[in-house]
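Which chain is which? The protein sequence lines are H and B, in order. Just so you know, the first sequence maps onto residues 1 to 275 in my numbering. Just so you know, the second sequence maps onto residues 276 to 934 in my numbering. Report on the structure given below.
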Amino acid sequence: MNAPSALASPVGTGAARSAPGEVLMDVRNVSLSFGGVRAITDISFDVKVGEIRAIIGPNGAGKTSMLNVINGFYTPQQGTIWFHGKERKGMRPHHAVRQGIARTFQNVALFKGMSTLDNIMTGRSVHMQRNLFWQMLWHGPALAEEIEHREKVEEIIDFLEIQHIRRTPVGKLPYGLQKRVELGRALAMEPSLLLLDEPMAGMNLEEKEDMSRFIIDVNRQRGTTIALIEHDMGVVMDLSDRVVVLDYGEKIADGTPEAVKSDSRVIDAYLGVAH
Amino acid sequence: MTAAALAGEPDTFPKYLLHNAERLGDRPAMRHKDFGIWQSWTWREQLGEILHLALGLQALGLARGDKIAVIGANRPRLYWTFAAAQSLGAVPVPVYADAVADEMAYVLDHAGVRFAVVQDQEQVDKIESCAERIPALKTLIYDEPRGLADYDMEGLHAFADVQAAGRALVAAEPELAELWRSGILAASGDEICVMLYTSGTTGRSKGVMLKAKSAVGAARDTAAFDNLSDRDSVLAYLPLAWVGDHYLNYAQGYVSGFCMNCPESAETVAQDLREIGPTFYFAPPRIFEGLLTTVTIRMEDASWLKRKLYAHFIDVAKRYGEPILEGRPVPLSGRLSYALGAMLIYGPLKNVLGFSNIRVAYTAGEAIGSDLFSFFRSLGINLKQLYGQTEAFLYVTAQKDGAVRSDAVGPAAPNVDIRISESGEVQFRSPGMFAGYFNQDETTAETMTGDGYVKTGDAGFFDTDGQLKIIDRAKDVGKLVTGELVAPKYIENTLKFFPDIKEAVAFGDGRDFCAAFINIDLQAVGNWAERNNIAYASYQELAGNPQVAEIIAGHVDATNLRLSREPMMAGAQIRRFLVLHKELDADDGELTRTLKVRRAFVAERYASLIEALYDGSTEKYVETEMTYEDGRKGVVRATVRIMDARTYPAAEAPRREAA
């Protein structure tokens with residue numbers, strides 16, 4: 001099902017296009033500490049174009065820190081991150097967006113008072129060209145631009161099957177749908193790399209199944225490369241092409257779901273061993 | 276194509292298509308909301324779409340007499356498939372889209388379909404999973420390509436590709452279009468034009484074959500009865516495979532030339548209804564019930580002033596609404612109050628519900644509560660009842676404007692002949708009458724009487740004003756040991772008039788007394804629980820709540836009081852009942868796909884509970900298997916409480932409690 005070779009190239013706009021199977025992002029020997037706390041120690045792994053890459057690990061393993069490093073929210077003390085074959089320096093989150101990296105959050109971070117449509121529309125702001133003057137004038141080029149972006153947003157609404165909540169303020173929606181709207185906003189950026197921070201957290205079984213299907217569809221239909229953090233092992237093993245396992249800030253395994261599942265260090269990390 | 280070529284009235288739907296394209300060329304025929312915008316096709320454009328599709332299907336080998344399954348939601352392309360297939364002399368067989376693979380395989384195989392046009396990946400997967408059971412099916416065409424890009428199945432085609440192939444053919448050889456038209460004109464109205472499978476309330480579904488001429492004739496009669504024209508519009512949201520949808524939207528649409536609107540998705544129907552504001556509307560009582568429940572709940576949460584206004588004007592509507600609708604004399608003060616109410620409450624309410632433009636609305640399928648029925652009529656909505664069957668191509672009876680009652684279904688529809696057999700069964704002969712069940716001659720013979728009437732299987736009688744009254748399924752009407760008549764459906768319907776009760780199943784035939792299973796309505800009871808700070812995690816927990824049991828006991832009591840006032844039914848009051856721990860579900864086979872209770876199946880499945888109802892025990896532990904949406908099975912365990920209800924002395928006597 002998940003053969004990455006069969007995939008179309010990513011849709012990223014600002015970023016250079018790469019062929020499937022090439023390395024999209026390379027994390028080399030990254031370490032991150034907060035004062036005396038070492039969150040991440042000397043971690044290296046890569047993300048290939050068109051794959052679904054999972055980062056898993058027990059609580060406090062450093063998963064979200066790793067995602068924040070990729071996203072440019074944290075700057076690692078050591079190590080480098082290569083994106084599209086170039087080293088990234090002095091990274092800030094908005095640079096990440098311009099380069100084609102979008103993310104969702106563990107705790108939904110939407111504009112609660114705004115409708116689904118408007119929330120997803122904000123994802124397009126990175127692609128809007130008209131300045132404040134034109135936006136205020138509304139009629140003319142800004143309106144034409146808005147319509148063009150609205151079309152993209154409607155495609156996403158159709159894709160995620162959320163037509164019925166188009167006009168509903170997201171604060172009124174159940175959690176599972178909010179997660180879907182957040183995914184929609186990230187997709188609106190047309191990223192070449194999509195980071196998902198625990199996309200299934202707090203969901204019931206049915207919502208998880210729906211979300212899994214959407215993640216696979218995003219990957220296969222839109223050709224978006226995905227890196228995801230997830231707690232639910234079953235979901236991770238079914239979804240991902242390759243898995244990195246972290247424990248206490250260190251990488252303890254890296255490979256296909258089957259290989260990782262049978263790795264003794266992974267089993268120990270999850271089930272615990274007598275020390 | 277000239278008008279002369281269509282001598283006389285068209286007697287097939289494709290002939291109507293040509294006729295409408297000429298007569299109403301630029302009038303809208305079809306709309307579909309897609310990407311948030313209503314896309315529309317005129318009759319002329321629709322003719323083009325169908326022509327290209329038909330030629331594409333022909334190129335894939337669809338020929339006269341072939342069966343072609345149509346599976347999916349209400350989408351223009353699926354409706355076009357009906358006409359395209361009919362134009363080639365093939366027979367469309369719509370199938371319920373939410374049927375599980377096993378049910379679907381049965382119907383597809385029984386009908387011997389060679390082609391299937393389906394909506395999406397879900398349906399393709401379902402068919403693929405049981406492909407070996409449907410050997411005749413060789414060609415599968417899908418509408419939505421999502422998720423199907425790298426399917427490597429033989430005979431799998433995208434709808435757009437099939438249509439494009441047809442378009443290319445016409446471009447290369449324009450005479451093909453003429454050939455197609457002359458094929459349509461040459462076709463006879465005596466051929467089978469569609470095969471509709473019954474919902475299977477009483478066992479496996481049967482394929483009802485309908486002749487073009489009779490289908491067109493029936494639709495023409497009822498369209499004239501309600502003055503339908505090309506100025507009308509409908510929202511096509513009913514299951515595609517159901518006779519009601521095929522008749523009300525497709526058949527009447529082609530005959531009268533009105534515009535059919537397809538919703539964006541099943542979840543957006545309420546919003547789409549509001550945007551379209553149809554003039555002709557059909558909904559089963561269940562939907563009206565749901566609407567009233569939603570309105571009531573929302574009014575309970577509204578501000579003080581709004582609640583007062585609503586209560587006052589609904590009261591005014593109750594008094595004057597129906598007389599005004601029917602043109603009966605009403606005092607001037609009443610008219611003025613009603614007009615004010617229309618401005619402040621009824622108008623906005625109808626607008627929110629999407630009922631602002633309704634000229635004619637029908638309900639059928641189940642009995643409708645008189646309060647519920649009057650509520651909508653009092654708002655000025657011309658809601659009427661009809662009684663119909665797949666075998667009749669819908670209409671058997673229909674109420675005339677101005678002669679509408681909630682407890683009867685009206686006199687015979689135009690050109691329909693009805694009689695009541697000696698055993699009390701309703702039998703009819705009608706223009707839309709079916710040509711027989713497909714491959715089931717024996718069953719067909721059993722359903723027909725010697726002199727050409729169709730047995731409906733329903734028990735009923737004509738009231739003094741000539742309206743038909745249906746009591747129950749003829750075979751479900753039973754007797755208590757004491758000889759009192761038991762019409763389970765009648766009891767269930769009386770129970771279901773309470774918004775808290777979603778479904779009920781009554782028992783009593785051959786027993787000492789009547790007893791009932793009750794399903795609570797999660798929306799109504801859930802709202803009550805929320806307002807009273809009662810926490811619950813599941814349907815089962817809420818259903819088992821002792822306070823809920825008290826509420827339901829109150830409703831059963833009120834039901835008994837009502838039953839006691841009807842001399843025929845007084846003996847069938849409910850002595851014992853229980854609140855079921857699980858919602859009855861079509862996926863578990865407890866309901867049909869049209870959401871009617873399958874009584875025999877339920878009785879068998881919950882045999883131990885029925886036993887407990889009659890052996891005097893106060894609670895019973897049960898384990899019930901249930902099917903999840905994804906098809907996996909699970910088990911629900913519960914201890915169900917069984918309660919006694921008060922009964923009342925029969926009619927006449929002043930209302931006093933019995934011991």
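Glycine included, every Cβ here is placed at the ideal spot set by N, Cα and C. These numbers come from a predicted model, not from an experiment.
- Here M200/H carries a coil assignment [DSSP, helix/strand/coil].
- Between H164/H and chain B, the shortest Cβ-Cβ separation is below 7 Å.
- Put simply, the CB of E51/H is far from chain B, with every gap to its CB atoms at 7 Å or more.
- Per DSSP, H84/H lies in no beta strand (DSSP E) segment and is marked neither H nor E.
- E900/B is outside the set of residues whose beta carbon lies under 7 Å from a beta carbon in chain H.
- D158/H belongs to the set of residues whose beta carbon lies under 7 Å from a beta carbon in chain B.
- Interface with chain H (7 Å Cβ-Cβ cutoff): G311/B is included.
- Annotated as proximal: V243/H and P257/H, with beta-carbon spacing under 7 Å.
- Taking 7 Å as the cut-off, the Cβ atoms of S463/B and P706/B do not count as close.
- Contact note: Q221/H reaches chain B through R421, G422, A424, using a C-beta cutoff of 9 Å and chain order.
- E154/H has a beta carbon lying within less than 7 Å of a beta carbon in chain B.
- Distances from the CA of R907/B to each of L615/B, A376/B, A541/B, A720/B were compared; the closest alpha carbon is that of A376/B.
- Contiguous beta strand (DSSP E) elements confined to the segment 485-560 of chain B occur at 508-510, 534-537, 555-557, taking only those with 3 or more residues.
- In the three-state scheme derived from DSSP, where H, G and I count as helix and E and B as strand, P369/B is classed as strand.
- For D905/B, the residues of chain H that pass the 7 Å Cβ criterion are E209, in the order they occur in the chain.
- E453/B and L337/B have their C-alpha atoms some 18 Å from each other.
- For S540/B, the nearest CB of chain H lies under 7 Å from its own CB, placing it at the interface with that chain.
- Judged by pairs of C-beta atoms under 8 Å, the segment 763-782 of chain B touches the segment 818-837 of chain B, as three or more such pairs exist.
- Against chain H, the CB of T543/B has a partner CB under 7 Å away; the residue lies at that interface.
- Its chain contains T769 as the residues whose beta carbon lies nearer than 7 Å to that of R837/B, once the 5 sequence neighbours on both sides are disregarded; these appear in chain order.
- A Cβ-Cβ distance of about 17 Å is found for the pair E700/B and T665/B, leaving them out of contact under the 8 Å criterion.
- Bounds of the alpha helix (DSSP H) holding S883/B are 882-889.
- Annotation: D747/B to F736/B spans about 11 Å, alpha carbon to alpha carbon.
- With distances taken between CA atoms, A673/B lies nearest to G663/B out of A667/B, D682/B, G663/B.
- From the listed residues D26/H, D42/H, R38/H, the smallest Cα separation to I252/H is found for D42/H.
- Note: F390/B is bridge-paired with I343/B, T414/B in the DSSP secondary-structure output.
- Ranked by Cα distance from G753/B, the first of M574/B, I745/B, L853/B, F782/B is F782/B.
- With contacts defined as CB atoms closer than 7 Å, R53/H and A227/H qualify as a contacting pair.
- For D210/H, the secondary structure class from DSSP, reduced to helix, strand or coil, is helix.
- Rounded to whole angstroms, the Cβ separation of L177/H and T104/H is 13 Å, and the two are not in contact under 8 Å.
- Short of 7 Å from the beta carbon of A541/B, and not among the five residues preceding or following it, lie these beta carbons of its own chain, in chain order: A348.
- The residues Q815, G819, H856, V897, in chain order, have a CB closer than 7 Å to that of A913/B in the same chain once the five nearest residues on each side in sequence are set aside.
- Three or more beta-carbon pairs separated by less than 8 Å are not found between the segment 155-164 of chain H and the segment 97-113 of chain H, which leaves the two stretches without contact.
- Out of M25/H, R185/H, G72/H, the CA that lies nearest to the CA of G85/H is found in M25/H.
- Using a Cβ distance threshold of 7 Å, L444/B and G430/B do not count as a contacting pair.
- Apart from the 5 residues on each side of it in sequence, A516/B sits with its Cβ closer than 6 Å to the Cβ of P369, V370, Y371 in its chain, given in chain order.
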